[in-house]
Amino acid sequence: MFEPSAQIESVLAAVVQNPIASTGLRAMTERESEFPNPLQAKLTGIALDPYGRDIADQALDAYWSDEPRQTDTLSSSSIAREVIIGSGFHAAVYAATRVLSGYPKPLVLERNERVGGTFAMTARPTFFLNSRNRAGAAGLAGDQGAALNFLPGGLIQAANVSMVEYQPNTDMAFVIRVALAQFADVLTNANVLAVSRDGSGAQIEIADRSPLFAGRIIDARGVGDPADQNIANGTTILTFPQFMQRMARLWPLRGMRRVAVVGGGDAGKCAVESFLGIAPQPPMAAAALDSVDRIDWYAEDLPTTCERWQQTIRGRYQGIGRYLKPGRLLTVVNRRAFPIALPGAVLIDGRSYDLVVLCTGNRETTMPGLDQGAFDDYETADENVVASQHYSLPAFRVGPHARLPFTDQEAATGIAAIPENAVAMFRTATKTAALAATLPAVY
Ligand SMILES: Cc1cc2nc3c(=O)[nH]c(=O)nc-3n(C[C@H](O)[C@H](O)[C@H](O)COP(=O)(O)OP(=O)(O)OC[C@H]3O[C@@H](n4cnc5c(N)ncnc54)[C@H](O)[C@@H]3O)c2cc1C
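Using this note's numbering, the letters of the sequence shown map in sequence onto residues 442 to 884.
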């Protein structure tokens, strides 16, 4: 058993000194013997208590945003250090496995203010995951004994922090953030712009900061940025992350009557759930005040009737199908739409909308030095492709950012039949962990 990091100690202290927020922590100490260690019992108690979790989240943010600490972290960084770009799930998997394998803590660079990646795009719950909440260890989707939302090496797992079948995004975010607090140093507002060779290591250009040297780079930039973000105007036309941020604010649907969603993937489905009122409850929203009258969903490949929906769409999203019955508020339109912003409204094919959400996928933002074309598949000794490796720099891409092809085993088990599984945690978590466990020391 390892010692809690200074940051985890500060989280525990912040919760303990607040009598209301520490109720869950104190309750869970009664069941300490059921956990692998007392720290996991404490963190589970904190996560299960909304007040405890809120105080813990605030303590994490305060620590990460502390300027003197950021300056210290940068000045104490050495050329031998491993640097991870991005602070999402895969950064946490790599850092946890690396430290537990006996190597130093990596340094994580995150361009945003908030640490935790996609699942932490909002501090309040705004969307439900599509992978089931199950207890157990890491494994693939068809393995009923496996936990799908499992973070190898994590201090706690998603299955510790709620027991709903499909968890809100913030459950997974908390697990990721706690792991990073234990196993990494994190710099926020650190937008990496470019990478170049420097001796046997690399030099990293960061916006508004001095360049940083690294012995190895782990590029964990996730699925990329919204494909149509240049069309979004931030008010009446929103990208999926912008819409989720709106759903986390007060009265997010106030005054919205006719709305549209463009794109039928998982993000589109989550956006439609928000409009239907079957996503996590937005703050201070009430059906009497905040219901929309009409939702048009522009998606080329989705069923347009309730019956077809029930036959073809996977279990997680069955709730949406009920709203496709004649006379109900949702209509699927089988074509791609191109919204035009008017003053105060948006036009699609001559119809006007109060709000349009673009869920048309993601694309990679080009970064000089780390272009996709400069990477090739990287295998561990067991001949499994777990990451991609740069031809000339000491750099690896991990997680969805590595764009790893489906394996024969994934095709045989049906995992490859669902395209969204390409980026699923259960598919890539163990690959990133295998990379972290097997790479040699930097020097
Ligand atoms: C709506 C939605 C629902 C999902 N639901 C599920 C689910 O239920 N189950 C599942 O398994 N998967 C799900 N996924 C996929 C899952 O989110 C990803 O597989 C996972 O988050 C990838 O983790 P990551 O660490 O690779 O990237 P991310 O979590 O995306 O983190 C990447 C980080 O890199 C940062 N970054 C990017 N560029 C730079 C830069 N230049 N400098 C510094 N930082 C940078 C970003 O700000 C971000 O914080 C879902 C995805 C979405 C969008």
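Backbone N, C-alpha and C fix where the C-beta goes; we use that ideal spot for every residue, glycine too.
Every value quoted in this text rests on a predicted model; they were computed, and no experiment measured them.
Check: residue i C-beta below 8 Å from any heavy atom of ligand 1
i              : result
alanine 815    : no
arginine 662   : yes
threonine 801  : no
threonine 806  : yes
glycine 557    : yes
leucine 550    : yes
aspartate 396  : Since the displayed the chain opens at 442 and closes at 884, residue 396 lies outside it and no answer follows.
isoleucine 719 : no
isoleucine 526 : yes
alanine 532    : yes
alanine 865    : yes
valine 633     : yes
serine 572     : yes
leucine 581    : no
leucine 653    : no
glycine 760    : no
cysteine 399   : The structure shown does not extend to residue 399, since the chain is modelled only from 442 to 884, so the question has no answer here.
valine 839     : yes
Which residues DSSP lists as bridging residue i, in chain order
i              : result
asparagine 803 : Pro667
glutamine 644  : Ser637 and Phe654
proline 609    : Phe569
tyrosine 819   : Ala828
arginine 838   : Asp660 and Ser829
alanine 699    : One detail in the question is off: residue 699 reads as arginine in this sequence, not alanine. Arg735, per the DSSP bridge assignment.
alanine 853    : Note: alanine 853 sits in no beta bridge, so no partner.
isoleucine 885 : The chain is shown only over 442 to 884; residue 885 falls outside these bounds and no answer can be derived.
7 Å Cβ shell around residue i - same chain, five flanking residues per side excluded
i            : result
proline 593  : Val534, Ala537, Thr538, Ala579, Ala870, Thr871 and Ala874
arginine 757 : Asn571 and Tyr607
alanine 726  : Trp692, Pro693 and Leu694
alanine 576  : Ala588 and Ala600
Any C-beta of chain C under 9 Å from that of residue i
i              : result
tryptophan 750 : Reference to chain C is not applicable here, since this structure consists of a single protein chain.
Collapsed DSSP secondary structure at residue i in the structure displayed
i              : result
valine 773     : strand
aspartate 795  : coil
arginine 687   : helix
glutamate 523  : strand
isoleucine 781 : strand
threonine 680  : strand
alanine 462    : coil
arginine 844   : coil
aspartate 626  : strand
leucine 501    : helix
leucine 429    : The shown model of the chain, from 442 to 884, leaves out residue 429, and the question about it has no answer.
Contact set for residue i: own chain, Cβ-Cβ below 6 Å, skip 5 residues either direction
i             : result
alanine 929   : Outside the modelled stretch of the chain, which goes from 442 to 884, sits residue 929, for which no answer is possible.
alanine 689   : Thr563, Arg565 and Thr567
glutamine 448 : Tyr504 and Ala622
Close beta carbons around residue i, own chain, < 8 Å, minus the five adjacent residues each side
i           : result
valine 826  : Asp818, Tyr819, Glu820, Leu845, Pro846, Thr848 and Lys872
alanine 720 : Thr567, Phe568, Phe569, Met688, Cys711 and Glu714
Unbroken stretches of the alpha helix (DSSP H), 4 residues or longer, contained in the region 710-770: Here the runs fully enclosed are 728-731, 747-753 and 759-762.
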